[in-house]
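> The structure is given below, and queries will be raised subsequently.
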Amino acid sequence: MQLSFLKSKLHRACVTHAELDYEGSCAIDIALMRAANIRPYEQLHIYNVTNGERFITYAIEAEEHSRVISVNGAAAHKANPGDRIIICTYANLSEQEAENFNPTLVYLNEENQITGTGEKIAIQAA
Numbered sequence: 000m001q002l003s004f005l006k007s008k009l010h011r012a013c014v015t016h017a018e019l020d021y022e023g024s025c026a027i028d029i030a031l032m033r034a035a036n037i038r039p040y041e042q043l044h045i046y047n048v049t050n051g052e053r054f055i056t057y058a059i060e061a062e063e064h065s066r067v068i069s070v071n072g073a074a075a076h077k078a079n080p081g082d083r084i085i086i087c088t089y090a091n092l093s094e095q096e097a098e099n100f101n102p103t104l105v106y107l108n109e110e111n112q113i114t115g116t117g118e119k120i121a122i123q124a125a
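Shown next as structure tokens:
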């Protein structure tokens, strides 16, 4: 059996551009992609914390160390510059692979600078 698990996350990234007329995708600073283990053209699930929109697109590279997060094409209707978003990727794993698997979690500030990383999300308190 294959199970779907969170593979990587850029938590609370700040949208820098929303380009309607650019080829559809989400451009992400190469350094941030590398930190979060996101590959070019990998499917992304994007959750807009600012307005509640949720959508799927794919990753493309933005200039390294530019801190760019650009939502492009039709998806640009779902995010505006300044919106805070969560960018996730998922992996299908066997039960055996899942036993020792941990996601790559990258936490960002409002300037898309890395403020922390991790492999586990804390247990939510009651």
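Per numbering that gives the first Met the number 0, the sequence shown starts with residue 0, numbered consecutively. Don't be surprised by glycine CBs; every beta carbon is placed ideally from N, CA and C.
Can you tell me the Cα-Cα spacing of E63 and F4, whole angstroms?
One C-alpha to the other measures close to 28 Å.
> What do you reckon, are the CB atoms on P102 and A17 nearer than 8 Å?
Result no, Cβ atoms of P102 and A17 do not sit closer than 8 Å.
> For a quick check, are the C-beta atoms of D20 and S65 less than 8 Å apart?
No, Cβ-Cβ distance for D20 and S65 is not below 8 Å.
> Pick from H10, Q1, M0 and L2: whose alpha carbon is nearest that of V105?
It is H10.
> Nearest to A33 by alpha carbon, out of Q1, A74 and I113?
Reading the sequence as shown, one finds Arg at residue 33 and not Ala. With distances taken between Cα atoms, R33 lies closest to I113.
> Per DSSP, what kind of secondary structure is H129 in: helix, strand or coil?
Nothing about residue 129 can be reported from this structure: the residues present for the chain run from 0 to 125 only.
> With C-beta atoms as the reference, is G23 less than 8 Å away from T49?
The answer is no: Cβ separation not under 8 Å.
> How is G72 classed by DSSP in three states: helix, strand or coil?
Of the three classes helix, strand and coil, the one that applies to G72 here is helix, per DSSP.
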